[in-house]
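Written out below as structure tokens is the structure these notes cover.
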Amino acid sequence: IEPPHILAYLLAKTGRLAESKEWTEEVLAEKPWHIGALSIMRIVCLRLNDEEAAMRWAVKALPGLSPQTRLWRTKWVRENVDLAKEKLAELKEDLRDKIVARMKTA
């Protein structure tokens with residue numbers, strides 16, 4: 019996931035916002051909790067003058083430090099750990115299916 023994330027960052031830095039957004043969406047499809055990708059998406063949306071989308075992405079990112087941070091961070095961590103567990107379960111199931119399919123053809 020890191021090479022696509024780095025590419026998305028570089029594309030954003032060079033003003034190729036639509037391409038950056040596409041690559042960032044790919045990263046977030048695999049890792050919806052990816053802090054760097056969430057930040058890039060927020061910035062890209064702002065630069066594309068889509069403030070509503072930028073706010074949606076900002077809400078998904080790790081909240082800033084404030085008096086309410088502990089509550090927000092706890093909620094954020096729980097939500098994203100659950101997402102990570104779901105994705106891991108999907109990947110394990112896909113891998114198991116591929117192994118079984120290969121064993122049947124061998």
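Residue numbers (the numbering used here): 19 to 124.
Think of the CB as a built atom: it goes at the ideal place given N, C-alpha and C, for glycine as much as any other residue.
Member of the options whose CA lies at the smallest distance from the CA of residue i
i, options, result
"M8", "L56, S84, R88 and P22", "This structure cannot settle anything about residue 8, because the visible part of the chain is limited to 19 through 124."
"K78", "W90, D68 and Q86", "W90"
"L101", "H52, D115 and T123", "H52"
"A30", "I117, L64 and T87", "L64"
"K49", "E111, K105, K116 and A124", "K105"
"G54", "L25, A36 and D68", "L25"
Status (buried if at least 16 other CB within 10 Å, exposed otherwise) for residue i
i, result
"S84", "exposed"
"M121", "exposed"
"I58", "buried"
"V99", "exposed"
"E93", "The sequence given here has Lys at residue 93, not Glu. Exposed is the call here."
message = I want to know whether the stretch 20-29 touches the stretch 39-51 - three or more CB-CB distances under 8 Å.
response = The stretch 20-29 is in contact with the stretch 39-51.
task = Entirely within the stretch 74-123 and at least 4 residues each: give me those alpha helix (DSSP H) ranges in chain order.
result = 87-123
request  = With a floor of 3 residues, list each beta strand (DSSP E) that falls wholly inside the stretch 39-64, ordered by position along the chain.
outcome  = none
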